[in-house]
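Residue numbering for the sequence shown is -33 to -1, 1 to 620, as defined by mature numbering (1 follows the signal peptide of the UniProt record, and there is no 0).
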Amino acid sequence: MGALSLPPSVASRHLLATLLLFLLLFSAFPTNAEEVIRNYHADIDVAKSGVLTITETIKVNAEGYKIRRGIFRDFPLTFEGSDGQMHRVDFDIRRIERDGQQEDYRTESIDNGTRIYIGKEDVFLDSGEHTFKITYETGRQIRYFDRHDELFWNVTGNFWDFPIYHASATVTLPERVSPLATVFYTGPQGATEKNARVWQDGGKLGFESTAPLDRLEGMTIGIKLAKGAIDAPSDSDEQWWWLHDRMNSIIAGLGFIAVLAYFGFNWLRVGRDPMKGVIVPRWDPPADLSPALVNYVDNKGFSNGGWTAFSASMIDLAVKGLITLEDLKKSVTLKRTDAKPQARLPLGEDIIYNKVKGQTYFMIDKANGRTIQKMGEDFRSAIDREHSGKYHRFNLGVLTTGIILTVAAYLAVIVLGDFNQNMLGLLIVPAFVFVFVAAFSAVLAATALASQVMVLRIFAWIMLGFFWLGMAVMLAASAAMALSEARSPDDIFALAASGGMIVVATLFSAIMGAATPLGRQLRDGIEGLRLYLTVAEKDRMNFAGAPEMSPQHFEKLLPYAVALGVEKPWSEHFQSWLIAAGATAQAYSPAWYSGQPFDSQHLGQSVSNFSSSLSSTVSSTLPPPPKSSSSGFSSSGGGSSGSGGGGGGGGGW
């Protein structure tokens, strides 16, 4: 029996049907695999009070690319008013669903708004269609003009990651309220296309797009209402909104006022020096202070780590005849004498003397570095124990509390304020860098003040200058960026007030310490002694009752000149007296000193060089500090798409 064959016409029809079916299936395949928003609908209920209750129903096609766990929705919470001020709207999420069931969500602050993540971190969606429903209330969205009220609403937002095949909105107005006019726009941000239509059914208005919206395109609607159709905000509402709009500057301003008030009050209470007295030249130390105490009182603590006071004390012991100093250029030898103290030695001097008196001599060199280091520690601690707080109060408790208050106020601005990410960066980064530079500068300044090596001092001051120059440039750049990033005067004021907190804390940290009444009195006396030691010889002659210059008088005050850092002018005055008396350097041979001879032509410079280098010699013998890395155990124009309230966008996650 032969094979069954179809007529040519029937076979052609079968082939054509097969091809059409294949093309239909092929064309449908990419659509099913594409992540899109198939339908975006917003039900907008407008209350007479002006509050909007909105339910957004978003039907998406998820394929596990961007939409894996769910979607996110961005919602703007600020808008710029005609006054240039950023205004903040009310926003309250009521319910969120997925496929008819309540769904988990979380929110996250973003620039100028909030982001709602819908879905669960550990639950992935099945491929296919899913419907998300977001219900929320928002206020302060009605625009109030002189002759009409208006709802201008961005239904979808213009910043979705996906195209929207169809968008629509239904607006329910309050009873007996009818629209005066409507308008709509579609397209990307700023576009004025009108690919949509509008219908009205009593108090309801409907809007829907007539063409798909591409990625980053949206639909915006507007409804013009009679003046008074929507209740105008009450006085209390206006007052609350005014405060809410300026929350950044209010928080920062209150913080600045609190910091300034705290530091200002406490500075007036405990941080001011007593009034300075009349400075009268004097040729003896006030209250019979030792050279070390003169240095301690004058510097509000020891200068140069205490080694200047230590050196002045050694010279004082030598002038008293209890030891002699032998200058060997790179070392100094302390030799005991047969003389005994006629009275109790001042604090500090007794530590040096007791070390020397038990042996014939004591060499100040690197071999004795650790011993000298221990002597210096005992020297400083003995004086600190006896005199700390007597002459100067640093008010560390007040400062610590003030710094904590400043940090807390600054953090309140960051945490409670509403700033975009760039503004937050301008708050956090410069503050962190400022604190770092201030702390590092304190170390450099201490190095510059303590080092006896001129090159190190110069290098430290140069580095300090570069650091603060860099800080000034950074602050200027931050200020310029702040002006460009600031959304409103509120932001600018908040940044200025926040920076002011740091400036106030830094300034008062430097000036909060104050002399005690006794310290002020002693400093006045020390200033009189410094005046006497440094004033020109012709002026010294006018000091009534001043003693005649003599080797004994010169030597008696030399330790004090060293303690005050004025040994050079004091030594030069002595040389001038020697010349006037017809004497030479050879005629002056102090019993307390031996070693390198003084230059007869430059006696003042020679004595000054020895006394000023003494502390350098001492400090240079100290052992180096251990390395911190070492181990202890081993080696409003017209409307457009995107304008109006609402808006935002979204995507998948």
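In this text, a Cβ means the ideal position worked out from N, Cα and C, and glycines have one as well.
Next on the checklist: Taking the alpha-carbon of Leu289 as reference, which of Asp265, Lys322 and Tyr555 has the nearest alpha-carbon?
Outcome noted: Translated into the one-based positions of the sequence shown, residue 289 becomes position 322. Nearest C-alpha to Leu289: Lys322.
Checklist entry - Looking only at C-alpha atoms, which of Leu19, Gly268, Lys15 and Ala29 sits nearest to Phe620? => result Position 653 of the sequence shown, counted from the start, is the residue given in the question as residue 620. One point to set straight first is that residue 620 is Trp, not Phe, in the sequence displayed. Ranking Leu19, Gly268, Lys15 and Ala29 by Cα distance to Trp620 puts Ala29 first.
Next on the checklist: Does Thr187 pass the burial test, meaning 16 or more other C-beta atoms within 10 Å, or should it be called exposed?
Outcome noted: The residue you call residue 187 lines up with position 220 of the sequence shown. It counts as buried.
Checklist entry - Is Arg497 helix, strand or coil by DSSP? => result Working through the sequence shown from its first residue, we reach residue 497 at position 530. Arg497 falls in the helix class under three-state DSSP.
Next on the checklist: Let me check understanding here. Comparing Cα to Cα, which of Gln69, Phe42, Tyr84 and Ser94 lies closest to Glu1?
Outcome noted: Walking along the sequence shown from the start, residue 1 turns up at place 34. Taking only the C-alpha atoms, the option nearest Glu1 is Ser94.
Checklist entry - Taking the DSSP output, what are the residues bridged to Ile370? => result By 1-based counting over the sequence shown, the position of residue 370 is 403. None; Ile370 has no bridge partner.
Checklist entry - What number of angstroms, rounded off, separates the C-alpha of Ser597 from the C-alpha of Met342? => result Within the sequence shown, the letter at position 630 stands for residue 597. Within the sequence shown, the letter at position 375 stands for residue 342. Legend: pLDDT at Ser597 = 33, less than 50; position of this residue unreliable, value from coordinates given subsequently. Computed Cα separation, rounded: 26 Å.
Checklist entry - Using the rule of at least 16 other Cβ atoms within 10 Å of the residue's Cβ for burial, across every protein chain shown, is Gln542 buried or exposed? => result Sequence index remark: in the sequence shown, residue 542 carries index 575 (1-based). Label assigned to Gln542: buried.
Item to check | Asp57 - partner residues in DSSP beta bridges | outcome: One-based indexing of the sequence shown puts residue 57 at position 90. Gly106.
Item to check | DSSP state of Pro456 mapped onto helix, strand, coil | outcome: Counting from one through the sequence shown, the residue named residue 456 turns up at place 489. It is helical.
Checklist entry - Pro258 and Pro526 look like a contact to me (Cβ under 8 Å); what is the Cβ gap, rounded to whole Å? => result Here residue 258 refers to the residue found at position 291 of the sequence shown. Here residue 526 refers to the residue found at position 559 of the sequence shown. Contact flag correct, Cβ pair sits at about 4 Å.
Next on the checklist: Taking the beta strand (DSSP E) that His354 belongs to, which residues open and close that run?
Outcome noted: Taking the sequence shown and counting its residues from 1, the one referred to as residue 354 is at position 387. Unbroken run through His354 is the alpha helix (DSSP H), Gly336 to His354; no beta strand (DSSP E).
Item to check | Opposing strand residues paired with Asn28 [DSSP bridges] | outcome: Taking the first residue of the sequence shown as position 1, residue 28 is located at position 61. Val3 and Glu96.
Next on the checklist: Given a cut-off of 7 Å on the beta-carbon distance, is the pair Val237 and Asn362 in contact?
Outcome noted: On the sequence shown, position 270 is the one that residue 237 refers to. On the sequence shown, position 395 is the one that residue 362 refers to. Going by C-beta atoms, Val237 is nearer than 7 Å to Asn362.
Checklist entry - For the region 151 to 166 against the region 210 to 226, are there 3 or more C-beta pairs whose distance is under 8 Å? => result no
Next on the checklist: Please classify Asp181 as buried or exposed, where buried requires at least 16 other C-beta atoms within 10 Å of its C-beta.
Outcome noted: To locate residue 181, count along the sequence shown from 1; it is residue 214. Flag for Asp181 reads exposed.
Item to check | Buried versus exposed, by CB contacts within 10 Å (16 or more), Leu383 | outcome: One-based indexing of the sequence shown puts residue 383 at position 416. Exposed is the call here.
Next on the checklist: Could you check whether the region 482 to 490 touches the region 255 to 275, counting it as contact only if at least three pairs of C-beta atoms, one from each stretch, sit closer than 8 Å?
Outcome noted: yes
Checklist entry - So what does Tyr328 bridge to, in DSSP terms? => result For the purposes of this step, residue 328 is taken as residue 361 along the sequence shown, with counting starting at 1. Looking at the DSSP assignment, Tyr328 forms a beta bridge with Lys302.
Checklist entry - How would you label Gly615, buried or exposed, when you count the other beta carbons within 10 angstroms and need 16 or more for buried? => result In the sequence shown, residue 615 corresponds to position 648, counting from 1. It counts as buried.
Checklist entry - How many angstroms separate the CA atom of Glu205 from the CA atom of Lys26? => result Translated into the one-based positions of the sequence shown, residue 205 becomes position 238. Translated into the one-based positions of the sequence shown, residue 26 becomes position 59. Computed Cα separation, rounded: 38 Å.
Checklist entry - Can the beta-carbon of Ala279 be found closer than 7 Å to that of Ala530? => result Numbered from its first residue, the sequence shown carries residue 279 at position 312. Numbered from its first residue, the sequence shown carries residue 530 at position 563. Yes, the pair counts as a contact, with Cβ atoms nearer than the cut-off.
Checklist entry - Could you give the C-beta distance for Val13 and Pro141, rounded to a whole number, given that I count them as a contact under 8 Å? => result Along the sequence shown, one-based indexing puts residue 13 at 46. Along the sequence shown, one-based indexing puts residue 141 at 174. Confirmed, about 6 Å.
Checklist entry - Going by DSSP, which residues form a beta bridge with Val13? => result Start at 1 with the first residue of the sequence shown, and residue 13 comes out as number 46. Note: Val13 sits in a beta bridge opposite Leu19.
Checklist entry - Looking only at DSSP bridge pairs, what is Ile38 linked to? => result Along the sequence shown, read from residue 1 onward, the residue named residue 38 stands at position 71. The partner list for Ile38 (beta bridge, DSSP) reads Gly619.
Checklist entry - Expressed to the nearest angstrom, what Euclidean distance is found between the alpha-carbon atoms of Gly618 and Leu378? => result In the sequence shown, residue 618 corresponds to position 651, counting from 1. In the sequence shown, residue 378 corresponds to position 411, counting from 1. Approximately 32 Å between the Cα atoms of the pair.
Next on the checklist: Following a CB-centred definition, is Tyr358 positioned closer than 6 Å to any heavy atom of the ligand ADP?
Outcome noted: Within the structure as shown, the ligand ADP is missing, as the structure has no ligands at all.
Checklist entry - Taking all protein chains shown into account, do 16 or more other C-beta atoms lie within 10 angstroms of the C-beta of Tyr72, making it buried, or fewer, making it exposed? => result Here residue 72 is taken as the residue at index 105 of the sequence shown, counted from 1. Buried, because 16 or more other Cβ atoms sit within 10 Å of the Cβ of Tyr72.
Item to check | With 16 other Cβ atoms within 10 Å as the buried cut-off, status of residue 622 | outcome: With the chain covering only -33 through 620, there is no way to say anything about residue 622.
Checklist entry - Using 8 Å as the Cβ pair cut-off and three pairs as the minimum, do the region 55 to 71 and the region 94 to 108 touch? => result yes
Item to check | Through-space distance from Ser216 to Trp537, alpha-carbon basis | outcome: Here residue 537 corresponds to residue number 570 of the sequence shown, with the count starting at 1. Here residue 216 corresponds to residue number 249 of the sequence shown, with the count starting at 1. Distance between the alpha carbons of Trp537 and Ser216: 58 Å.
Next on the checklist: Please identify the residue among Gly467, Asn335, Ala136 and Leu485 whose C-alpha is closest to the C-alpha of Leu221.
Outcome noted: Locating residue 221 in the sequence shown gives position 254, where the first residue counts as 1. Ranking Gly467, Asn335, Ala136 and Leu485 by Cα distance to Leu221 puts Gly467 first.
Item to check | Assigned secondary structure, Ala199 (DSSP; H/G/I helix, E/B strand, else coil) | outcome: Working through the sequence shown from its first residue, we reach residue 199 at position 232. Ala199: coil per DSSP, three-state reduction.
Checklist entry - What residue range is occupied by the uninterrupted alpha helix (DSSP H) comprising Asp265? => result Numbered from its first residue, the sequence shown carries residue 265 at position 298. Run containing Asp265: Pro258 to Asp265, per the alpha helix (DSSP H) assignment.
Item to check | Close Cβ partners of Ser348 (< 6 Å) along its chain, the five nearest in sequence each way excluded | outcome: In the sequence shown, counting from the first residue as 1, residue 348 sits at position 381. Nothing listed; no residue qualifies.
Next on the checklist: Suppose you measure from the CA of Phe223 to the CA of Ala464; what does that come to, to the nearest Å?
Outcome noted: The residue you call residue 223 lines up with position 256 of the sequence shown. The residue you call residue 464 lines up with position 497 of the sequence shown. If I take the Cα positions, the gap works out to 6 Å.
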